[in-house]
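Chains as they are written, first to last, in the numbering used here: chain A, 23 to 158; chain B, 5 to 188.
Here a beta-carbon is modelled for each residue, glycine too, at the ideal position from N, C-alpha and C.
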């Protein structure tokens with residue numbers, strides 16, 4: 023009887039573990055960075071300036087890292103998957119653009135509001151692109 | 005700032021400072037699929053930046069490798085760390101020119117085929133690149149789409165021996181750009 027109980031328990035545990043691993047491996051949305059610790063805290067202008075001055079050095083400091091960025095909201099929109107997108111105000115052609123995780127709510131945000139977000143730096147095109155972001 | 009970055013900045017400044025008509029996007033879409041008998045691996049990126057100068061026919065497009073999203077977590081990790089080495093090569097760029105732009109009407113909403121030729125920089129390797137692109141104008145927005153095949157050997161992308169049967173040598177890539185006119 024004990025042996026039978028052990029086998030059933032082992033099968034259940036293995037099933038739960040396998041389901042968890044499969045759910046992680048086959049996840050359909052990117053991991054948000056909400057629970058990750060930020061490696062740097064910057065103003066949006068400061069981050070943009072760093073990239074405009076020396077992209078290589080800025081990449082060495084921020085690329086792929088979780089950072090917290092504070093700035094003034096210029097524009098609120100959504101990407102083609104319905105995820106909120108925040109463009110921060112800037113004095114130059116480029117800007118810091120943050121794509122939030124789909125469960126983040128921006129209904130209470132408005133242009134000219136100062137906010138902080140935490141996100142992963144994906145690099146620089148004409149803008150500094152932040153992904154997997156959460157409001158702080 | 006290295007030469008490549010300087011060239012990109014100059015291209016952007018030239019495009020902005022000139023008097024001719026320019027179009028751009030920051031939300032272009034690129035999709036790739038690696039098909040093998042063992043597994044299909046795909047990913048997409050909706051943060052492609054591109055700028056097109058109508059008078060010169062020049063176009064520049066920038067794709068951030070870390071902005072790709074792959075549904076498979078392990079594939080996402082391998083894509084960035086092993087194949088694309090996105091810390092060392094954070095972006096792919098295309099800089100080129102439409103060669104037969106004078107033969108089409110870019111204000112037409114009919115789909116027209118154009119040839120673009122230039123240099124594709126991927127994984128630190130620059131390769132001459134020629135591609136057919138379908139363009140159309142929808143209420144002032146220029147749409148450009150193309151499909152291509154990328155041989156990963158051409159760009160020095162290596163696959164570890166133990167997973168060689170799971171990553172295709174030739175990857176299908178689809179690009180969709182909707183560019184809006186840059187207001188002066």
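Check                                                                                                                   : Outcome
Chain A residues whose Cβ lies nearer than 8 Å to that of residue 57(B)                                                 : None at all; the shortest Cβ gap to chain A is about 14 Å.
Residues sharing a beta bridge with residue 146(A), DSSP                                                                : 150(A)
C-beta neighbour in chain B for residue 81(A), strict 8 Å                                                               : yes
Status (buried if at least 16 other CB within 10 Å, exposed otherwise) for residue 114(A)                               : exposed
Cβ shell of residue 177(B) (< 6 Å), same chain only, five flanking positions each side left out                         : 36, 152, 154
Which of helix, strand or coil DSSP assigns to residue 106(B)                                                           : helix
N- and C-terminal bounds of the alpha helix (DSSP H) containing residue 67(A)                                           : 66-75
Near-chain B residues of the region 81-110 of chain A - C-beta to any C-beta below 8 Å                                  : 81, 85, 86, 101, 102, 103
Segment contact flag, the region 49-61 of chain B with the region 24-41 of chain B, C-beta cutoff 8 Å, min 3 pairs      : yes
Which of helix, strand or coil DSSP assigns to residue 50(A)                                                            : For residue 50(A), the predicted model reports a pLDDT of 49, less than 50, meaning its position is unreliable; a value from the coordinates is still stated below. Of the three classes helix, strand and coil, the one that applies to residue 50(A) here is coil, per DSSP.
Buried/exposed call for residue 125(B), threshold 16 Cβ in 10 Å                                                         : buried
Neighbour flag for residue 151(A) against chain B, beta carbons, 8 Å                                                    : yes
Simplified DSSP state of residue 72(B), which is helix, strand or coil                                                  : coil
Where the region 63-84 of chain B meets chain A: residues whose CB sits under 7 Å from a CB there                       : 66, 68, 70, 71, 73, 75, 76, 77, 78
Assigned secondary structure, residue 82(B) (DSSP; H/G/I helix, E/B strand, else coil)                                  : helix
Span separating the alpha-carbon of residue 101(A) from that of residue 150(A)                                          : 16 Å
Unbroken beta strand (DSSP E) run spanning residue 28(B), endpoints                                                     : 26-39
Buried versus exposed call for residue 50(A) [16 or more other C-beta atoms within 10 Å across all chains shown]        : Interpretation of residue 50(A) is limited by its pLDDT of 49, a score under 50 that renders its predicted location unreliable; no figure is taken from the coordinates.
Within 8 Å, strictly: CB atoms of residue 160(B) and residue 129(B)                                                     : yes
DSSP three-state assignment for residue 168(B), whether helix, strand or coil                                           : helix
Inter-stretch contact at 8 Å, needing at least 3 Cβ pairs: the region 125-137 of chain A / the region 89-100 of chain A : yes
Residue 82(B) burial status per 10 Å Cβ neighbour count (16 or more: buried)                                            : buried
Counterpart residues of residue 88(B) in DSSP-defined beta bridges                                                      : According to DSSP, residue 88(B) bridges with nothing at all.
Contact set for residue 101(B): own chain, Cβ-Cβ below 8 Å, skip 5 residues either direction                            : 60, 61, 62, 63, 120, 121, 122
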